Amino acid sequence: MSEDSIHDNPYIKVTYQKDKGRSIFSKVFIPRGTVVFVDNPYIANIDSLYKKNICSTCFKYFSETCRPNVVVCPQCNDYYFCSSFCKQYQKNETRHSSIECEWLQYFGNYFKHQLLEDDKNIVLLLLKIIAKRIHQNDSLSFIVDNDNSKNTDTNDSYNLVPRDVTDLIDHLDEYLSLGINNSETIEQQQQNPDTSITDSDMDISKLKSIWKSDFKKFINISRVIQHIIDRSKHQEILSVGIDSDGDMIMSENNDIENTIQTESLSKSDLNILKLLCKVRSNFFGLWHNGLQNNIVEYNRGGTPNTENDTDSNTTTTTTEHQKNIEFLWCGSAVYLSLSLFNHSCFPNCTTLLEYNNGENGVFSFNYTKTPLRFSIVTLFDIEPNQELFITYIPLNQNKKERNHQLKSSWLFECNCKRCELEQTKSKEIDELFNSVCCRNVKCKSGMVFPLANGYGVCRVCKDEFKSPTSINLDVL
Numbered sequence: 001m002s003e004d005s006i007h008d009n010p011y012i013k014v015t016y017q018k019d020k021g022r023s024i025f026s027k028v029f030i031p032r033g034t035v036v037f038v039d040n041p042y043i044a045n046i047d048s049l050y051k052k053n054i055c056s057t058c059f060k061y062f063s064e065t066c067r068p069n070v071v072v073c074p075q076c077n078d079y080y081f082c083s084s085f086c087k088q089y090q091k092n093e094t095r096h097s098s099i100e101c102e103w104l105q106y107f108g109n110y111f112k113h114q115l116l117e118d119d120k121n122i123v124l125l126l127l128k129i130i131a132k133r134i135h136q137n138d139s140l141s142f143i144v145d146n147d148n149s150k151n152t153d154t155n156d157s158y159n160l161v162p163r164d165v166t167d168l169i170d171h172l173d174e175y176l177s178l179g180i181n182n183s184e185t186i187e188q189q190q191q192n193p194d195t196s197i198t199d200s201d202m203d204i205s206k207l208k209s210i211w212k213s214d215f216k217k218f219i220n221i222s223r224v225i226q227h228i229i230d231r232s233k234h235q236e237i238l239s240v241g242i243d244s245d246g247d248m249i250m251s252e253n254n255d256i257e258n259t260i261q262t263e264s265l266s267k268s269d270l271n272i273l274k275l276l277c278k279v280r281s282n283f284f285g286l287w288h289n290g291l292q293n294n295i296v297e298y299n300r301g302g303t304p305n306t307e308n309d310t311d312s313n314t315t316t317t318t319t320e321h322q323k324n325i326e327f328l329w330c331g332s333a334v335y336l337s338l339s340l341f342n343h344s345c346f347p348n349c350t351t352l353l354e355y356n357n358g359e360n361g362v363f364s365f366n367y368t369k370t371p372l373r374f375s376i377v378t379l380f381d382i383e384p385n386q387e388l389f390i391t392y393i394p395l396n397q398n399k400k401e402r403n404h405q406l407k408s409s410w411l412f413e414c415n416c417k418r419c420e421l422e423q424t425k426s427k428e429i430d431e432l433f434n435s436v437c438c439r440n441v442k443c444k445s446g447m448v449f450p451l452a453n454g455y456g457v458c459r460v461c462k463d464e465f466k467s468p469t470s471i472n473l474d475v476l
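Each step along the sequence shown adds one to the number in full-length UniProt numbering, with nothing skipped, and position 194 is 194.
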């Protein structure tokens with residue numbers, strides 16, 4: 001399928017649901033295995049841990065034979081390319097600008113070794129977004145409420161589709177509300193000792209503690225970013241409501257104890273926090289089908305195992321090579337339109353990264369399309385006017401574990417059919433879900449990718465299994 005906009009898409013439409021907001025529904029019957037939508041990233045970045053192993057332009061894993069051709073940015077030493085051509089031919093979503101390069105040099109000297117890996121990667125992603133917007137002369141104000149998800153006109157699909165990162169939803173207001181009272185249940189129990197705290201109360205209390213901890217971390221990240229930008233000549237972002245204190249510096253926020261003092265946040269803090277929450281609520285992981293053992297060995301400074309290197313002169317068969325492929329989270333990207341797809345713990349669609357869609361899992365980069373293009377593929381037959389779902393989390397968890405992850409990271413509780421049926425028909429729903437998953441006991445990597453012959457293939461171990469073409473959870 002070509003890269004059409006959602007408005008011209010023959011398969012899907014955007015609607016507004018009062019309880020969910022923007023959602024994707026089918027226009028017509030859609031057969032299993034159909035690519036219903038493709039989207040290029042607004043921004044993409046390789047995680048810090050894997051930058052030395054993967055090309056920032058074509059996403060190619062650096063095999064031992066191509067490593068002599070690897071080119072690194074001489075200023076920041078933080079961007080790697082498989083060739084001089086890839087260094088010159090950078091896509092808009094991955095372009096390494098001089099502004100970003102300057103920031104990365106300072107970040108590497110003063111902050112890089114102070115942050116956890118996940119926090120480091122979110123800083124790098126946000127710096128890349130801000131540098132891109134400066135390069136394109138886009139607005140650096142994210143406080144302005146441009147959230148099109150609040151448009152309730154179901155006939156106005158154009159305004160429901162995000163056209164910029166500022167149109168993405170965020171949960172900043174929910175985080176800010178923690179400053180009102182985040183220990184209400186505990187205080188009530190202390191005042192009424194005869195009233196017991198239920199498991200649900202304890203779960204809520206624990207989640208609020210996680211949310212508060214996350215928000216403190218967000219505040220620190222926002223101040224790291226402000227401090228990096230403040231040193232450069234590009235200070236437009238700080239002019240969006242700079243406070244009377246002047247320079248923004250990193251804070252440990254130790255004064256934030258039981259409540260988050262939202263009045264202590266400057267407009268500059270809120271501006272960066274708004275962008276951070278939009279990115280964190282809508283980013284997708286970039287999964288690479290390279291050989292995980294080799295990548296790990298490179299990062300340890302050891303000698304890579306080239307036995308399964310597709311570029312080396314080995315006699316490894318295609319089947320052997322396929323079975324040694326491991327999917328590895330090695331980066332993050334923001335896709336504007338993909339944010340419209342809601343979550344389900346029994347999704348009827350899956351995502352496919354273009355790089356991992358080549359023959360035998362090997363992508364041939366022809367520079368006419370981005371290797372980081374995402375496709376949405378139907379896992380089952382979909383009837384007209386049926387909602388299309390993807391998953392945000394690994395699905396090989398029980399209901400409590402899944403919802404804890406969803407509530408702690410995305411601040412919502414899933415009420416999909418699988419979650420509902422697990423309370424009353426746990427055995428039946430488990431059997432049905434397992435019938436569409438990898439049955440290799442040494443793998444069990446989740447739902448299989450649909451093939452044309454009524455089978456599905458595991459994207460990790462490459463084993464094929466018979467898989468149903470349609471699923472009806474209402475009959476259980």
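For every residue, glycine included, the Cβ atom is placed at its ideal position computed from N, Cα and C.
The model shown is predicted, which means the values in this text are computed figures rather than measured ones.
{"Asked": "Can you give me the C-alpha to C-alpha distance between Ser470 and Tyr355, rounded to a whole angstrom?", "Found": "28 Å"}
{"Asked": "State the beta-bridge partners of Ala44 as determined by DSSP.", "Found": "Ala333"}
{"Asked": "Nearest to Asn472 by alpha carbon, out of Phe380, Tyr89 and Met447?", "Found": "Phe380"}
{"Asked": "Please report the Cβ distance between Leu388 and Ser26, rounded to the nearest whole angstrom; I am assuming they are in contact, meaning their Cβ atoms lie under 8 Å.", "Found": "6 Å"}
{"Asked": "What residues in its chain sit with their C-beta under 7 Å from that of Ile272, if we drop five residues either side in the sequence?", "Found": "Ser222, Ile225 and Gln226"}
{"Asked": "Within the region 357 to 430, note down every full beta strand (DSSP E) run reaching 3 residues or more, in order along the chain.", "Found": "374 to 378"}
{"Asked": "DSSP puts Gly285 in a beta bridge; with which residues?", "Found": "Ser332"}
{"Asked": "Return the chain-ordered list of same chain residues with a C-beta closer than 6 Å to the C-beta of Val475, the five sequence neighbours on each side being excluded.", "Found": "none"}
{"Asked": "Look up Thr166 in the DSSP assignment and say whether it is helix, strand or coil.", "Found": "helix"}
{"Asked": "Assuming Ser408 contacts Ile210 under a Cβ cut-off of 8 Å, what Cβ separation, rounded to an integer in Å, is found between them?", "Found": "5 Å"}
{"Asked": "What's the call for Lys132, buried or exposed, on a 16-neighbour Cβ count within 10 Å?", "Found": "buried"}
{"Asked": "Counting Cβ pairs closer than 8 Å, one from the region 328 to 344 and one from the region 4 to 23, do we hit at least three?", "Found": "yes"}
{"Asked": "So, with DSSP's three-state summary, where would you put Ile143?", "Found": "coil"}
{"Asked": "Report all residues from its chain with a CB closer than 8 Å to the CB of Gly246; omit the five preceding and five following residues, and keep chain order.", "Found": "Its pLDDT being 39, under 50, Gly246 is placed unreliably in this model, and the coordinates cannot settle the point."}
{"Asked": "Can you tell me whether Ser339 is helix, strand or coil according to DSSP?", "Found": "helix"}
{"Asked": "Excluding the 5 residues preceding and the 5 following Cys101 in the sequence, name in chain order all residues of the same chain whose CB lies nearer than 7 Å to its CB.", "Found": "Cys73, Gln75 and Cys76"}
{"Asked": "Since Thr34 contacts Val377 with CB under 8 Å, what's their CB separation in whole angstroms?", "Found": "7 Å"}
{"Asked": "Using only the alpha-carbon positions, how far apart do Pro412 and Asp8 sit?", "Found": "Inspection of the sequence shows that residue 412 is occupied by Phe rather than by Pro. Roughly 31 Å separates the two Cα atoms."}
{"Asked": "Taking the alpha helix (DSSP H) that Phe85 belongs to, which residues open and close that run?", "Found": "Ser84 to Gln88"}
{"Asked": "Do you know how far the Cα of Tyr455 is from the Cα of Lys13?", "Found": "28 Å"}
{"Asked": "What are the start and end residues of the beta strand (DSSP E) that includes Asp39?", "Found": "Val35 to Asp39"}
{"Asked": "What residues in its chain sit with their C-beta under 7 Å from that of Ile393, if we drop five residues either side in the sequence?", "Found": "Arg402, Gln405 and Leu406"}
{"Asked": "Give every residue of the same chain whose Cβ lies closer than 8 Å to the Cβ of Lys128, excluding the five residues on either side of it in the sequence, and list them in chain order.", "Found": "Ile43, Asn45 and Glu100"}
{"Asked": "Return the CA-CA distance between Cys458 and His288, expressed in angstroms with no decimal places.", "Found": "15 Å"}
{"Asked": "Would you mind working out which of Leu115, Asp173 and Lys466 sits nearest Ile143, comparing C-alpha positions?", "Found": "Asp173"}
{"Asked": "Determine, using beta carbons only, whether Ile229 comes closer than 7 Å to chain C.", "Found": "In the displayed structure, chain C is absent; only one protein chain is listed."}
{"Asked": "Helix, strand or coil, according to DSSP, for Phe62 in the structure here?", "Found": "coil"}
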